[in-house]
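A short write-up of the structure that comes next.
Protein chains: 2
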Amino acid sequence: MTVAEKAARARSASRIMASLSAEQKNHALGRIAAALRDRRTEIESANRSDREAAAREALAEPLAKRLTFEGDKLDQAAIGVESVAALEDPIGGVLGARELDEGLELFRVTVPIGVVGMVFESRPDALVQIASLCLKSGNAVLLKGGAEARNTNRALFTVISEAAGSAGLPDGWMALLESRDDVSEMLAQSDSIDLIIPRGSNEFVQSVMRRTTIPVLGHADGICHVYVDSDADPALAVPVVVDAKTQYPAVCNAAETLLVHADVAARVLPAIAEAMPAVELRACPRALALLPGAVEATESDWRAEYLDLILAVRVVDSADEAITHINRYGSHHTDAIVTANRTRALEFMQRVDSASVMWNCSTRFADGYRYGLGAEVGIATGKIHARGPVGLEGLVTYQWRLFGSGHVVSDYTGSEGRSFTHRIISVDR
Amino acid sequence: MTVAEKAARARSASRIMASLSAEQKNHALGRIAAALRDRRTEIESANRSDREAAAREALAEPLAKRLTFEGDKLDQAAIGVESVAALEDPIGGVLGARELDEGLELFRVTVPIGVVGMVFESRPDALVQIASLCLKSGNAVLLKGGAEARNTNRALFTVISEAAGSAGLPDGWMALLESRDDVSEMLAQSDSIDLIIPRGSNEFVQSVMRRTTIPVLGHADGICHVYVDSDADPALAVPVVVDAKTQYPAVCNAAETLLVHADVAARVLPAIAEAMPAVELRACPRALALLPGAVEATESDWRAEYLDLILAVRVVDSADEAITHINRYGSHHTDAIVTANRTRALEFMQRVDSASVMWNCSTRFADGYRYGLGAEVGIATGKIHARGPVGLEGLVTYQWRLFGSGHVVSDYTGSEGRSFTHRIISVDR
């Protein structure tokens, strides 16, 4: 079957997915969780083939490790599906209601987006998670995983689609793509696909955006900043900076640049350097004078996403200078201010143009799980549709539903025309 | 100044626009309304030049008429600016709040999108309206109007930007573009522009989407349907169909195709034909047998946006067939069902994949003013960000704001780690 045919089948299936009840969807999720456990041998054997191939091709150690999907990881994936089932149903919620006139009532109701195209990396648990989230939100989905996990993905796809089918889900609600050419073909299916969610490098996401007219929910770099203000308490600033940089440096919400106000630089910078000796500091000339172990930063350091134990450091003369630096060099992901001055914190949060802004806490909190979203579809650095950590609501749109009893527009025109009441109807949410 | 420079200036200005208070923005809108009235002679004289040029170039009558901007039209535009000032401020609203842990509180707050690129048609009042809506929502804007209205647009741009400047708005928050090359250059400024809103033909919107990686809030065809069900009351169906087709046929929410259930076709179709004798009917063979004055429809009629007194007519055997037809041939804009059967109506509304769905009322109600949105930024037929008639909320996104007191993620990891409370904080809205 071609990608165009898979996409057209997904479009048809999406019409049925949209009208499933919460019970039907949760029943299917239960079947999927059970099937993952029941058909463990089949999945683990497919995963072994992938890992053997990876060993033959001398795949880099971290990649090979992410490929592993057996034992505990498989159990965790099944529990993950059950926790998606336990989430509140995101479909059919009333976002607002308004009486336009007597007997003419307008409702704005949440509905699935329709067909989602997902491209994700080598980790096979991503397939399980994405399929569950799409099912829960009533969407059909085209999935393209990493080539290294081909056999595992095929096995998972078979197990999940058979379990879903046995629970009454329509054929074709989920389709597996396998090659880069498949992805290119998918990006051309603007009639059948409503949203593309690429997970991967910044370059990959940019290339997807250039190659499609379908909307893309994407994630660019995570160049996150911590600004330590003149009114910062060093006892609070040091642990926040250390956590933001070192708690998990390989992820997008880790800090890459530290900005310190000149008034506190002499007190704060040496303490930070001492608290995280393993971190390489790349400092502006003024910071360099206070940090004997640092190297001099170049212009490119302000735009670097190290994802490693490296931190760019710059001394600034005002919160204003910090804000300007962040808006200029940052990636609009997550940025923090440390200060005891509430007014300055609020101004920082308002003027920094990023998806998440933090006051006196670590940038590492910017995450769907920590934010309490229940599930994370991705992190978006664009501003349209969804921003920052995106939960199930990123897979949902709305529909206007107008209930009348023969109302026509011509009755509302001209000097004798009826007026609209436009009265808000309160709705239990 | 190049378009790239204008866009960069707009980006800088947008930082200031985002932190203006409701009072500052409304004060500026008041100044703009006053300036439109005070500098009437200047604006009307510019408009006269445009109309003289149009006459010399023998511009088509409807286009030339839309160009007129004097007297009453100018007064209406000034009143429009004042009514935008009277709307609720869309910025700084709390969409949700959650305690993550003691002293660690997360707020999701509405903020402006940033910089919007608007391309609109010949009507000069569009410039006034768009500038007001962007100002109200704290956005900077690049505006490209129709070439026929060049002098009027320049005059309006001067009057509005001077009035806004005198009220303290930052330089460059609004910029005027004039040529097609300017538009092409604008579409490349993905670093400085967050959203493109093109108003114009379907072909134009599609071409914009293909030429940019910036998100586009666009509007494709309006191929709207009315389905008259087997349980429809003819006394209600006829006026709804007549209104949907004839009340204003040149607009996107007018009906283009009528679907009628076979059980009621013999009663309903002749009555509809009689009620709107000026409408040309293009009918499927079964409808043709009931409509002596009709011509036979071809496949292309089901995909036609006539914007004229023409209606495609098809007899179907079930609501299911009607839904399938609409999802296949429609443009996901607005579709209506006429029936006395509530269950069937609800199923139709759920399964028809359109921005607006109507029960027992005219498709012509799908409009920002009639929906009570206060102002209409545009109508979107995509599903991402905003759908259907879009009010000020289409110019708004949100930001996550996390308030802590030294919280670090490392305290929440490992078997001894703290747990999140994830308690909803209720907020007055």
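Those sequence lines, one after another, are chains B and V.
Heads up, the first sequence is in my numbering, so the first residue is 46 and it goes up one at a time.
Heads up, the second sequence is in my numbering, so the first residue is 46 and it goes up one at a time.
Positions of the beta carbon are idealized from the N, C-alpha and C atoms, including for glycine.
Because the structure is a prediction, the values reported are computed rather than measured.
In the DSSP assignment, what residue or residues form a beta bridge with residue i?
i: R143 of chain B; result: B:L151 and B:I469
i: Q444 of chain B; result: B:V154
i: W218 of chain V; result: None, per the DSSP bridge assignment.
i: L240 of chain B; result: B:V161
i: Y272 of chain V; result: V:L304 and V:I382
i: K189 of chain V; result: V:V164 and V:L222
i: H430 of chain V; result: BP columns for H430 of chain V are empty, so no partner.
i: M403 of chain V; result: B:L447 and V:A381
i: V435 of chain V; result: V:G423
i: V261 of chain V; result: V:I241
Can you pull the chain B neighbours of residue i, defined as C-beta to C-beta under 8 Å?
i: A63 of chain V; result: Q395, R396 and D398
i: G417 of chain V; result: R143, L145, L151, F465 and H467
Starting from residue i, trace the alpha helix (DSSP H) both ways and give me its first and last residue.
i: G125 of chain B; result: D117 to A131
i: M91 of chain B; result: Going by the sequence as given, residue 91 of chain B is Ala instead of Met. That run of the alpha helix (DSSP H) goes R85 to R101.
i: I175 of chain B; result: D170 to K181
i: A52 of chain V; result: V48 to M62
i: L112 of chain B; result: E106 to L112
i: L418 of chain B; result: Where L418 of chain B is concerned, there is no enclosing alpha helix (DSSP H), given that its DSSP letter is neither H nor E.
i: A390 of chain V; result: R387 to R396
i: R255 of chain V; result: N247 to R255
Could you tell me which chain V residues have their CB closer than 8 Å to the CB of residue i, listed as they occur along the chain?
i: G141 of chain B; result: Under the 8 Å cutoff, chain V gives no residues; its nearest Cβ is about 10 Å from G141 of chain B.
Show which residues of chain V have a CB atom less than 7 Å away from the CB atom of residue i.
i: P135 of chain B; result: Correct list: empty, because the minimum Cβ distance to chain V is about 14 Å.
i: K428 of chain B; result: I158, G159, D239 and T442
The beta strand (DSSP E) spanning residue i covers which residue range?
i: L214 of chain B; result: Here L214 of chain B belongs to no beta strand (DSSP E), and DSSP marks it neither H nor E.
i: S229 of chain B; result: From DSSP, S229 of chain B is part of no beta strand (DSSP E) but of the alpha helix (DSSP H) over R225 to L232.
i: A425 of chain B; result: G423 to A425
i: V454 of chain V; result: Where V454 of chain V is concerned, there is no enclosing beta strand (DSSP E), given that its DSSP letter is neither H nor E.
Starting from residue i, find everything on chain V with Cβ-Cβ shorter than 9 Å and list it in chain order.
i: D288 of chain B; result: H452, V453, V454, S455 and D456
Taking residue i as the query, report the chain B residues whose CB atoms sit under 7 Å from its CB, ordered along the chain.
i: G433 of chain V; result: W445
Step through the CB atoms of chain A and report whether any lies within less than 8 Å of the CB of residue i.
i: G436 of chain B; result: Given the protein chain composition of this structure (B and V), no chain A is represented.
Can we count residue i as close to the ligand MG, meaning its CB is less than 7 Å from some heavy atom?
i: M219 of chain B; result: Ligands are entirely absent from the displayed structure, and the ligand MG is therefore not among its contents.
* Taking any Cβ of chain V, which residues in the region 235 to 264 of chain B have a Cβ under 7 Å from it, in chain order? -> Flagged, chain order: D239, L240, M254, R255, T258 and P260.
* Cβ-based contacts, 7 Å cut-off: residues of the region 437 to 456 of chain V near chain B -> Under the 7 Å Cβ criterion, the region 437 to 456 of chain V contributes T442, Y443, Q444, W445, R446, L447, F448, G449, S450, G451, H452, V453, V454 and S455.
* Any beta strand (DSSP E) of 3 or more consecutive residues that is wholly inside the region 281 to 326 of chain B -> Runs of the beta strand (DSSP E) inside the region 281 to 326 of chain B: 300 to 306.
* **Contained alpha helix (DSSP H) runs [length at least 4] in the region 318 to 381 of chain B, N- to C-terminal order** => Annotation note: the region 318 to 381 of chain B contains the following uninterrupted alpha helix (DSSP H) runs of length 4 or greater, listed N- to C-terminal: 330 to 333 and 364 to 374.
* Residues within the region 268 to 295 of chain V neighbouring chain B, beta-carbon criterion of under 7 Å -> Residues of the region 268 to 295 of chain V whose Cβ lies closer than 7 Å to any Cβ of chain B, in chain order: L281, P284, V285, D288 and Q292.
* Which of the residues in the region 174 to 205 of chain V, read from start to end, lie with their CB under 7 Å from any CB of chain B? -> Residues: none.
* Report the residues of the region 401 to 412 of chain B with a CB closer than 8 Å to any CB of chain V, ordered along the chain. => From the region 401 to 412 of chain B, only S401, V402, M403, W404, N405, C406, S407, R409, F410 and A411 have a Cβ closer than 8 Å to chain V.
* To do: Anything in the region 369 to 397 of chain V with a Cβ closer than 7 Å to a Cβ of chain B? List those residues in chain order, please.
  => Cβ contacts with chain B come from N372, M394, Q395 and R396.
* Residues in the region 54 to 86 of chain B with C-beta within 7 Å of chain V's C-beta atoms, listed in sequence order? -> Listed by position, the residues of the region 54 to 86 of chain B near chain V (Cβ gap below 7 Å) are R60, A63 and S64.
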